[in-house]
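Single-structure report; data block below.
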Ligand code: IPM
Ligand code: MN
């Protein structure tokens, strides 16, 4: 196998964690005898500096020629939001990428790592067996409906339209049920069907699609209750499928459970299996450039790329196992540091993971 990857490091810690993921991919391709070609492109503030645009034509063309996209993060410091460089950076770059490639489904796994319990804000007994896959719809809802600002009766008014058609919901529902068949056979669909028409349609369609999956249990949960349940009893969940905005909020909430956003990868897929792979967290400008960012989310995102776009399940597993082993050995970065663990820099943590990959006893 030989594949071309568009590598878009972007802004902030993206610049530091991306090279770590590439080092891990280098080690893994040697071990599993396949070849990956990296093609670097600019996105976000980095692209703005060069082209005056957050998602320039050159980067679009590069992504279109590649077999997958590995993204770092985009966006700059909040206190500079008034500068054109950062204004609408995330919308112009990220949402444009999602739309251009019709990346309709976002997978965000959240699991607990053995040994990191003390880094979690939750009590130990709530952490047992936490392993959740968020399946978030990514190109519909209030994100992509009409956004408007106007003056009415002398007052400033703003509206954002939430929009779903049934095909969009069927697409993400199938992905959720298919994923559940490979895991715990349970789908929790999260909505606000007591109020919103988009949610009523969502629930109807989920029940219809669910009939094709008799071996998967389907539950419905209101989004406010789900937020509470994620803290009270997170191990009740297997696959959570939900709309774009609810998925954005709930997946950040759940990401606190393992102790740090820096551990959480994501995959955004279209119907052809083409994907964009990126950490769930942002560019973290406050810690950028100090060799302290956690590289694990980026490294695990590259594992998801091997699994979902290139069907290299064994190689993906090997990366995940190596991360697991290095954490269990007591190594960590500062975001998940607690007494008794050994705190390493971004590069040094990556070296520990690569040592595990090269360990003959692994996968
Ligand atoms: C995410 C981010 C984006 C989103 C923002 C940056 C547009 O928060 O990927 O979760 O809301 O989808
Ligand atoms: Mn988000």
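Residue numbers (my numbering): 77 to 439. We treat Cβ as the ideally placed atom computed from N, Cα and C, and that holds for glycine. Only a predicted model underlies this, so the values are computations on that prediction, with no experimental measurement involved.
Item	Value
Check whether residue 87 and residue 128 have beta carbons under 8 Å apart	no
Where the alpha helix (DSSP H) through residue 99 begins and ends	90–108
CB of residue 274 within 8 Å of CB of residue 217, strictly	yes
Other residues of its chain near residue 426: CB distance less than 8 Å, five sequence neighbours each side excluded	96, 99, 100, 371 and 375
Status (buried if at least 16 other CB within 10 Å, exposed otherwise) for residue 327	buried
Residue 328 beta carbon near the ligand MN (any heavy atom closer than 7 Å)	yes
Contiguous beta strand (DSSP E) assignments of at least 3 residues, all confined to the region 216–284	223–228, 231–236 and 262–267
Within 8 Å, strictly: CB atoms of residue 215 and residue 179	yes
Beta-carbon gap between residue 253 and residue 289 smaller than 8 Å	yes
Beta-carbon proximity of residue 116 to residue 150, cut-off 8 Å	no
Any 3 or more C-beta pairs closer than 8 Å across the region 396–415 and the region 323–338	yes
Near the ligand MN: residue 87 beta-carbon under 7 Å from a heavy atom	no
Whole-Å CB distance - residue 344 paired with residue 174, under 8 Å assumed	6 Å
Extent of the continuous alpha helix (DSSP H) run through residue 74	For residue 74 there is no data in the structure shown, the boundaries of the chain being 77 and 439.
Residue of 267, 355 and 294 minimising C-alpha distance to residue 323	267
Limits of the unbroken beta strand (DSSP E) element including residue 36	Outside the shown range of the chain, which is 77 to 439, sits residue 36, and nothing can be said about it.
Cβ separation of residue 317 and residue 263, assumed to be a contact under 8 Å, to the nearest whole Å	6 Å
Through-space distance from residue 242 to residue 200, alpha-carbon basis	41 Å
Selected residue, minimal CA-CA separation from residue 143, among 403, 421, 378 and 393	378
Whole runs of the alpha helix (DSSP H) within the region 353–424, excluding any shorter than 4 residues	372–384 and 389–404
Contacts around residue 389, its chain only, beta-carbon distance under 7 Å, and the 5 residues preceding and following it disregarded	383
Residues bridged to residue 137 [DSSP beta-bridge criterion]	Looking at the DSSP assignment, residue 137 forms no beta bridge with any residue, so it has no partner.
Span separating the alpha-carbon of residue 277 from that of residue 286	14 Å
Coil, strand or helix - residue 304 by DSSP	helix
Residue from 332, 308, 334 and 296 whose Cα sits closest to the Cα of residue 319	296
C-alpha gap between residue 136 and residue 208, whole angstroms	32 Å
Per-residue burial, residue 233 [other beta carbons within 10 Å of its own, 16 or more giving buried]	exposed
Segments of 3+ residues assigned as beta strand (DSSP E) that fall wholly inside the region 161–197	181–187
Buried versus exposed call for residue 123 [16 or more other C-beta atoms within 10 Å across all chains shown]	buried
Beta-carbon proximity of residue 249 to residue 314, cut-off 8 Å	no
Proximity test, residue 324 beta-carbon vs the ligand MN heavy atom, cut-off 7 Å	yes
Residue 166 beta carbon near the ligand IPM (any heavy atom closer than 7 Å)	yes
Heavy atom of the ligand IPM within 7 Å of residue 382 beta-carbon	no
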